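Undergrad: Would you mind keeping the following structure in view while I ask a few things?
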Amino acid sequence: MPMFQPSKKNGFLGGGDGRVLDLDTAVKDGVLGGVGGGGLGTGVLEKLDLNKMIEELNLSTVPSVFICPISLEPMTDPVTLCTGQTYEKSNILKWLGMGHYTCPTTMQELWDDMLTPNNTLYQLICTWFSQQYVQMKKRSENAQGRASELLSTLKRVKGQARIQTLKELQQLVSNHSTARTAVVDEGGVALLSSLLGPFTSYAVGSEVIATLVNLTLCSESKANLMQPSKVSAVVDVLNEGSIDAKLNCVRLIETLMDDKGFRAESISSHSLLVALMRLIRDKRHPNGHLPGLALLKSISIHNELRTLILNIGAAPQLVELVPFLNPECIELALFTLEALSSTSQGKQALKDCPKTIPTMVKLLMRISEICIAHALSILLSVCKLAPEECSLVAVEAGIAAKLLLVIQSGCNQILKQQAAELLKLCSLNYSDTMFLSKCKLTRTIH
Amino acid sequence: MGSVCCTQQHRRADSDEIEQTAEIEDRIERESKAEEHIQKLLLLGSSDSGKSTIFKQIKLLFQNGFDDAELKNYIPVIHANIYQTIKILFDGSKELSQSFSDRSRFHVSDENKEIGERLSEIGSRLEFPYLTSEIADEIETLWQDSAIQETLSCCNKLQVPDCAHYYIENLQRLSNPGYIPTKEDVLYARVQTTGVVEIQFSPVRENKRSGEVYRLFDVGGQRNEKRKWIHLFEGVTAVIFCAAINEYDQTLLENETNRLMETKELFEWVLKQPCFEKTSFMLFLNKFDLFEEKVLKVPLNVCEWFQDYQPASSGKQEIEHAYEFVKKKFEELYFRSTSPDCVDRVFKIYRTNALDQKLVKKTFKLVHETLRRRNLFEAGLL
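Chains as they are written, first to last, in this note's numbering: chain A, 1 to 446; chain B, 447 to 828.
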């Protein structure tokens, strides 16, 4: 007889894919004739509930006998073919409807097209899922209770005990929505925020931030967290933390910025931007690039912060980084660069960086229209600053042919106009024939 | 015969020498290896920034503190501080009474004048008499004089040491014949550091000694030839730079330069030194308690570095606002003076009050944690 092991244990007995049913244990656990027991009357209700439970639980450890071989999803209406194989009713109907007259798994030709509802299996599925559901609900409630406990512990303890409490709270909050609600309802956010300050150790700071990112913060909490000493604590973790801790900081800052009462002044910190740039340029952890660039984009939207970004030398750093980024990241980087190029300091910084023009030229007609728009805008800003010098560089980099492509492409009108303007600017220093020779497409197509 | 004996003796002496040399070389190697594990911290900052107080605090926190003999050593220093203080105040009152239009403010009453002259004379000697109760009483009387109090309120023009209030308040105790200074008395004692002093210690963590060993160096703070010897501190793990933020309205002893501007210049200079390219920088914004008291009365803009300061509110919020402004200025200065390839070195700012032992302990714990993480990071473990 096949053996079933409850989901907590790990061993796989017998062949291939795992979970099998042990009758004795099943009877003891009440799987047979347990919660889902009953006749057809409760059938419909059970089905609805079953669908809901399957979705809510979203388990990856469902016993394989409950899985439809066609869709690989748990069955809510199992039917058996004459070959003895069981499938989800809707799936096997589709199969047969496509004209197949075989059993999908055994490949045998069917001598009988009858689909027998497999009540036994159905009952087992309902019971198993119900059990799992009840257990999960209990854990959630436990989570809620535990979260409350931890909050009160947090008010009392210090040192190592505090760190352990925070760690456990963070785990709870990230796994259970009930814990999250409990923490928010019981003033946990204010309590956690109070732990951030000038004397916060790394251990405490990183756990607090990891917990806060999972919670919904009201406007008041956000404003509270925007106090300089608390921002400093977050920046410290962003500077010194592990990659996960840094990502949490980025997320938290994004959340805090996303508020009506947000004042750009509260994050105008050199250390923050330096730490962010370090994250963006960290080759060891590419998963930090996208979040980092997204935050930088959000920051560059604020006029007052652009000077700060430029002051730490971010412009040339971004330009040098662009060729190594994936398309999504490039778009974000270009947005920031365009935002920076709207200031005179930015224009100067971009012009001074020798790689700006060649990099932007390369990006024309690649990736996406948004990128083209950004690249064009940046090129225009830079070239207008020093037309003679820049147009030389640009033309050598093959801008002419690229711009022609843009003008002839299906991009929107504004872009074409911008491209035309840029083309005119670049051609001013050349005679017609010379310029035409620079337009040779062969130079620019890779 | 004799010569053979001599040669034999020589040979024995030679082999002894060789053995000794080998032993010495062995010891050198072992000690150098041990040295490598000792992390060196350098205390820098302009004079009166609180470096030596931090030094004393570390001694009290992580070593065996001061024993009775060491404590008694401080008695002459403390007494000297008192004499110096009262002299500065008395002389100051005379000076101010000449330069201010409403000079009556600074006129010491006649009875006290005589006391003043006597104390001023004592204060100008190289060696001071032991502070007796009689002298203590006289000092107390003079201190109560309204002119002296007026002078005290203008103390930013004079070089009144910060310990003035504390010592005068405790005059009775300090002038007792059997007086032994307390830890706090010692922390307040002001003596100019000359040369270099060092202590070696291991930070204690939750009542357990951790493995790291630190050696802390305190170099004298006056403006002498720093550039000649600073490079000797290459390879130092961290520089602890002390800046007394309450001195934004004070001038130096030597000339009319604003003290905070002097600190700013020094900080800039230190940051640019090639020997500190890889060194972590811990900036202690010190004397926060005095800053707190002052900032609501004396606006920050009197210091030219802070001239663009705009007060935003009042009371505690204003103090915080002012502090954040000063902190940002230092941060700006740091990043301006740091070349792109040094940007990865650790830089953290701490708010301190070197006289508060608990605070120094908390602050040092954080410094220690940062340095540990830095070590792990550099070893590739983070």
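We put the CB at the ideal spot given by N, CA and C, even for glycine. Note that this is a predicted model, so its numbers are computed, not measured.
Around the C-beta of residue 378 of chain A, are 16 or more other C-beta atoms found within 10 angstroms, so that it is buried, or is it exposed?
TA: buried
Undergrad: Report the residues of the region 797-812 of chain B with a CB closer than 9 Å to any CB of chain A, ordered along the chain.
TA: 797, 805, 808, 809, 811 and 812
Undergrad: May I ask you to report which of helix, strand or coil DSSP gives residue 355 of chain A?
TA: coil
Undergrad: Quick check on residue 428 of chain A - is its C-beta less than 8 Å from some C-beta in chain B?
TA: no
Undergrad: Can you name the residues of chain B whose CB is closer than 7 Å to the CB of residue 270 of chain A?
TA: 777, 778 and 781
Undergrad: So the candidates are A/197, A/62 and A/335; which of them puts its Cα closest to the Cα of residue 302 of chain A?
TA: A/335
Undergrad: Note down, in chain order, every chain B residue with its Cβ under 8 Å from the Cβ of residue 448 of chain A.
TA: The structure shown does not extend to residue 448 of chain A, since chain A is modelled only from 1 through 446, so no value can be given for it.
Undergrad: Does residue 809 of chain B come out as helix, strand or coil in the three-state DSSP assignment?
TA: helix
Undergrad: For residue 78 of chain A, which residues does DSSP report across the bridge?
TA: A/88
Undergrad: Which of helix, strand or coil does DSSP assign to residue 752 of chain B?
TA: Of the three classes helix, strand and coil, the one that applies to residue 752 of chain B here is helix, per DSSP.
Undergrad: What are the boundary residues of the beta strand (DSSP E) that includes residue 661 of chain B?
TA: 659-665
Undergrad: Among the residues of its own chain, which have a CB less than 7 Å from the CB of residue 784 of chain B, if the five just before and after it don't count?
TA: 717
Undergrad: Ignore the nearest five residues each way along the sequence and tell me which others in residue 71 of chain A's own chain have a CB closer than 7 Å to its CB.
TA: 88 and 91
Undergrad: Would you report the Cα separation of residue 288 of chain A and residue 305 of chain A, rounded to the nearest angstrom?
TA: 22 Å
Undergrad: For residue 772 of chain B, which residues of its own chain have a beta-carbon under 6 Å away from its beta-carbon, when the five flanking residues on both sides are left out?
TA: 691
Undergrad: Compare the C-beta of residue 467 of chain B against all C-beta atoms of chain A and say whether one is closer than 8 Å.
TA: Closer than 8 Å to the CB of residue 467 of chain B there is not a single CB belonging to chain A.
Undergrad: Measure the alpha-carbon distance for residue 445 of chain A versus residue 414 of chain A and round it to whole angstroms.
TA: In this prediction, residue 445 of chain A scores a pLDDT of 46, lower than 50, which makes its location untrustworthy; the coordinate-derived value is nonetheless stated afterwards. Distance between the alpha carbons of residue 445 of chain A and residue 414 of chain A is about 24 Å.
Undergrad: In the region 237-320 of chain A, which residue ranges form an unbroken alpha helix (DSSP H) of at least 4 residues, counting only runs that do not cross its ends?
TA: 243-257, 270-280, 289-300 and 303-311
Undergrad: Here's a check: name, in chain order, each residue in its chain whose Cβ is nearer than 7 Å to the Cβ of residue 632 of chain B, leaving out the five neighbours to either side.
TA: 502, 512, 517 and 520
Undergrad: Does the region 774-782 of chain B come within contact of the region 260-271 of chain A, defined as at least 3 CB pairs closer than 8 Å?
TA: yes
Undergrad: Closer than 9 Å between beta carbons: that is the criterion. Which residues of the region 214-232 of chain A meet it against chain B?
TA: 227, 228, 229 and 232
Undergrad: If contacts are defined as beta-carbon pairs under 8 Å, then residue 687 of chain B and residue 491 of chain B qualify, I think. What distance do you get, rounded to the angstrom?
TA: 6 Å
Undergrad: Taking contact to mean 3 or more Cβ pairs, one atom from each stretch, closer than 8 Å, check whether the region 167-176 of chain A and the region 205-224 of chain A are in contact.
TA: yes
Undergrad: Less than 8 Å between CB atoms is the rule here; does residue 387 of chain A satisfy it with respect to chain B?
TA: no
Undergrad: How would you label residue 222 of chain A, buried or exposed, when you count the other beta carbons within 10 angstroms and need 16 or more for buried?
TA: Classification for residue 222 of chain A: buried.
Undergrad: Using a Cβ distance threshold of 8 Å, determine whether the region 462-472 of chain B contacts the region 757-770 of chain B, with at least three qualifying pairs required.
TA: no
Undergrad: Residue 34 of chain A to residue 156 of chain A, Cα distance in whole Å?
TA: In this prediction, residue 34 of chain A scores a pLDDT of 43, lower than 50, which makes its location untrustworthy; the coordinate-derived value is nonetheless stated afterwards. Using only the alpha carbons, I get a separation of about 45 Å.
Undergrad: 8 Å is my cut-off, CB to CB: does residue 786 of chain B come that close to chain A?
TA: yes
Undergrad: Using a Cβ-Cβ cut-off of 8 Å, state whether residue 199 of chain A counts as contacting chain B.
TA: Residue 199 of chain A has a beta carbon lying within less than 8 Å of a beta carbon in chain B.
Undergrad: Counting beta carbon pairs with one atom in the region 179-190 of chain A and one in the region 136-145 of chain A, are three or more of them shorter than 8 Å?
TA: yes
Undergrad: Let me check one thing: in DSSP terms, what residues is residue 729 of chain B bridge-paired to?
TA: Its beta-bridge partners are B/687 and B/795.
Undergrad: I want to verify the contact list: residues of chain B whose CB lies under 7 Å from the CB of residue 312 of chain A, in sequence order.
TA: 781
Undergrad: Can you tell me where the alpha helix (DSSP H) holding residue 536 of chain B begins and where it ends?
TA: 521-545
Undergrad: With the cut-off set at 8 Å, would you say residue 102 of chain A and residue 93 of chain A are in Cβ contact?
TA: No, the Cβ-Cβ distance between residue 102 of chain A and residue 93 of chain A is not below 8 Å.
Undergrad: Below 8 Å on the Cβ atoms is my contact criterion, and I expect residue 193 of chain A with residue 225 of chain A to pass it. Report the Cβ-Cβ distance as a whole number of Å.
TA: 5 Å
Undergrad: One question on the structure: do residue 395 of chain A and residue 356 of chain A come within less than 8 Å of each other, judged by their Cβ atoms?
TA: no
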